[in-house]
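Engineer: This is the structure, below, for whatever I ask next.
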Amino acid sequence: MNATPGLVDSLFSKVSACFNEQSAAALVALRADENTAAMIEEMAGRSREGLLNAEEQRHYQEFARAVSFVSVLQAKARAYLLELRQRA
7 MNATPGLVDS LFSKVSACFN EQSAAALVAL RADENTAAMI EEMAGRSREG LLNAEEQRHY
67 QEFARAVSFV SVLQAKARAY LLELRQRA
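Quick note: the sequence shown, position 2, residue 8 per our numbering, numbers continuous.
Laid out in structure tokens, this is it:
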């Protein structure tokens, strides 16, 4: 099932409407912990080499989708913070 761009944009708009300065700054600062980052880096390397089994590939793809989602939210949070600074 693929979401249409309008539905995805609507979802991101609804989430970003909940931002305040503190929540936007926290979202911008969000990073994976060292263990998670190392595990994902290892999986990325194994994926590039075609060495992931089906379950690992599924987990890696799920993580990639989550990272994409968070990345868009972080971009919206950065834009929100920039707008706040420009209004100040």
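The C-beta atom is built at its ideal place from N, Cα and C for all residues, glycine as well.
1. Evaluate residue 83 with the Cβ neighbour count: other Cβ atoms within 10 Å of its Cβ, from every protein chain shown; 16 or more gives buried, anything less gives exposed.
2. Nearest to residue 30 by CA position, among 73, 80, 67, is which residue?
3. Under the assumption that residue 25 contacts residue 86 (Cβ atoms under 8 Å), give the Cβ distance between them as a whole number of angstroms.
4. Report the three-state DSSP secondary structure of residue 43 (helix, strand or coil).
5. Need the endpoints of the alpha helix (DSSP H) that residue 12 sits in, please.
6. Let me confirm a value: residue 88 is counted as buried when at least 16 other C-beta atoms fall within 10 Å, else exposed. Which label applies?
Structural biologist: In terms of the structure at hand:
1. buried
2. Minimum Cα distance to residue 30 is reached at 80.
3. 5 Å
4. helix
5. 11-22
6. exposed
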